[in-house]
Structures are given as C-alpha cells and as structure tokens.
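By the count of this note's numbering, the sequence shown reaches residue 364 at its end, each step adding exactly one.
All C-beta atoms, glycine included, are put in the ideal place defined by N, C-alpha and C.
Taking it in order: structure first as structure tokens, then the write-up.
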Amino acid sequence: MLSERFSTALVTGGAGLVGSNLVEDLLSQGLKVVSLDDLSAGSPQNLDHVRADPNLTEIVGDISDKDVVNDAMLGTDVVFHQAVSKNTVCMENPNRDLEVNAGGTLNLLLAAVDHSVEKFVHASTGSVYGRTEVFPTTEDAPVAPVSYYGVSKLAAERYVHAFHVLHELDVSILRYYHVYGPGQDNSDVGGVIPIFIRRALQGLPLKIFGDGTQLRAFTYVKDVTAINMASAIEPAAVDQVYNCASDVRVTITQLAETILGLLDRDTGDIEHHDWKPGDIKHFDISNTKVKEQLGFEFGYTFEQGLDLTIDAVRKVI
Ligand SMILES: NC(=O)c1ccc[n+]([C@@H]2O[C@H](COP(=O)([O-])OP(=O)(O)OC[C@H]3O[C@@H](n4cnc5c(N)ncnc54)[C@H](O)[C@@H]3O)[C@@H](O)[C@H]2O)c1
C-alpha cells in the first residue's frame, strides 16, 4: 500500500487527464494530495467530484515558476509529475515547451532534493523514440525525438536520471502512449477518442487524418495511474524506464467504426483529411518490462475503457 510508505503526494498537472485520475486514486488510498496545475489545458471540473475531500489541496500555479514549485513541494513525500505543455502548443511555441517540460521538471527536481522528497515518478512519452526502427520498441531502443515536444520531454528524462545519480533521488520514468479516459480534453485539440465520441454524439462527422491505417496502443487512464502507483513503491523500479502501452492495437478507422457502432451512428459519418505531418505511421511497442519487472497486468479491455469514456463525455458536453 502506498499509504504505508508515503503520506503526502504532489501531483503536477492534477487537473489534466492522468493527473486528475491519479489525484482521485491517491485520495482513495488515504494520502494527502496537493494538485499543482496552471489550468492552461486541464479543467478544474475534473476535480469536482473530489473537491470536498479535506485531504485535497489545489494550487493553481505554473511549474516554470520556481517559487510556486517550492511552496507546493512543502511536506511532500512523493511526486507524480504529469504537467506538460502540449504537443499542439509546442508546434507554435517551442520555447514554452522547453520552459515547461524541461525547465519545469528541473524546478521540481531541485525542490524535491531541497525538501528531501522520497520518490519522484516522472511522466514521459513514447515520442522520445522519434522515428525508431527498433520493433518491437523496447526501453533501451535509441532515443531520437523528431518533435519539439519529444526533445523537451527527453531533456526532462535526462534531468530525472541525473538527479538520481547526483543526489540519489529515487526516480522512475514512465513513457505513455495514447492514454484515454474520463477527464480528457474533447475539444478539437484534445484526444482522438473523446473527440470522436463528442462528434458522434453531436451528429458531426468523424475526421480521420491520413488513410486511417495508423495503429494506436490505446491505454485506459486507470491502468496508467496504477503503473504510477506501483512504480512509486516497487524497489525494482528505482531509476528505471517503462513503456506504458497496453496490448490494445487498433487503427484509427477501427476506432471510428467502433465508436459509431456503439453510438448507433452510420459508418458514412467518417470524413478523410490529409495526413498530419509528424504523425507516426509504423508502431510496435514492447510492454514486456512493465509486466515482468513490476508484475503489472493491464486491467481494462478496450471495450470497458470506451464505455467508461463515453459515459464521461456524455456528462460534460
Ligand atoms: N495522454 C497521452 O496520450 C500521453 C501520451 C504520452 C505522454 N503523455 C504524458 O502524460 C503526462 C500527462 O498528460 P495528460 O494526457 O494528462 O495531459 P493533460 O493535458 O490532460 O494534462 C496536463 C496538465 O498539465 C497542466 N499544465 C500545463 N502546463 C503547466 C504548467 N506550466 N504548470 C502547471 N501545470 C501545467 C495542464 O493545465 C493540464 O491540466 C504528460 O507529461 C504527457 O507528456 C500523455
């Protein structure tokens, strides 16, 4: 149990998809939780259902501000760092991306050492591999990101590892893929699953960029939060990197058809648009390490995850 080792957790990006679900899970395990989020992308609505919990403190603040980070870190035992400047923002503003994703992580690590934090779990991304030619892609495959986002996230990973070496900070790095679930942005810059669900519910066509054959390892958010919590207490996870992709492999066309089917729409409601530059076409990720080293089993089928996400989108639109 997490509460046997830690009493207070800091979750950055606590109003976002992974962060808000993690806040909920940590509170249910009896921890005191501080959520730090600047609300640039996340929504305070995502914490509505836990706001009355006296163990929750919400701070609206920016991780690129050292003073904010220092204050938020006070009394923290474990950090789950989820805040991120988004891919879509990065294409327009790579400097902000560097400032938040790399600089913000550095601020958190410095404050974690100053405040004698026991564990730092860091959310990273499969984008650090770039256009890899290693299939299935294991954690030791070469990293060569080809997006501003990926570069800044790799810089953050390197800081995390350096703090382990320099300061003996107990760290774990989790590389996520196609996380989806309640709390995800369903606006046009959000995740493909809530966007498709919202558009189908609103009777709008689902837009597919490219031919729709691109594969995705959709991973339900509660599996991702469970890996975060497991890596925080598992001794084998110290200074380790884990790919956090489920076994689900679904093409975007299959996804669109499944959602239209579940919502009783017509497959004619699909529209094809030009391929988005930077989108990864070939994709085959290994999740063997997280299963074998952490003994982790992905608990949600794609059907279960979709049902839960449809319910959640219905409630917010
Ligand atoms: N969702 C995915 O499919 C996916 C895939 C790969 C990696 N990741 C990683 O997972 C982590 C969580 O992503 P998510 O999907 O929950 O994203 P999200 O956008 O839902 O949540 C990120 C949160 O960070 C907040 N934020 C942004 N800038 C901030 C700043 N300067 N200070 C404080 N808060 C700030 C946003 O307001 C938002 O609530 C990120 O590190 C991301 O890189 C996510």
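* To do: Please determine, among 108, 315, 297, the residue with the shortest C-alpha to C-alpha distance to residue 88.
  => 108
* **Length of the line joining the Cα atoms of residue 71 and residue 322** => 37 Å
* Asked: Is any heavy atom of ligand 1 found at a distance shorter than 8 Å from the C-beta of residue 222?
  -> yes
* **Burial state of residue 241, where buried means 16 or more other Cβ atoms lie within 10 Å** => buried
* Asked: How big is the Cα-Cα spacing for residue 66 and residue 257?
  -> 31 Å
* To do: Decide if the region 48-62 is in contact with the region 267-285; the criterion is three or more beta carbon pairs, one per stretch, under 8 Å apart.
  => yes
* Check the DSSP bridge columns for residue 318 and list the partner residues they point to. => 254
* **Exposed unless 16 or more other CB atoms sit within 10 angstroms - verdict on residue 334** => buried
* Asked: Is residue 95 helix, strand or coil when you go by DSSP?
  -> helix
* To do: Using the Cα positions of residue 195 and residue 138, report the straight-line distance between them to the nearest angstrom.
  => 7 Å
* Any chance the region 191-210 sits against the region 338-350, with 3 or more Cβ pairs inside 8 Å? -> no
* Asked: Are residue 75 and residue 62 touching if we call contact CB-CB under 9 Å?
  -> no
* To do: Whole angstroms is fine: what's the gap from residue 365's alpha carbon to residue 270's?
  => Residue 365 falls outside the range modelled here, since the chain spans only 48 to 364, and no answer is possible.
* **Cut-off 7 Å between Cβ atoms - residues of its own chain near residue 211, not counting five sequence neighbours on either side** => 218, 286
* Asked: Where residue 92 and residue 361 are concerned, what is the direct C-alpha to C-alpha distance, given to the nearest angstrom?
  -> 14 Å
* Taking DSSP as the reference, what is the three-state secondary structure of residue 127? -> strand
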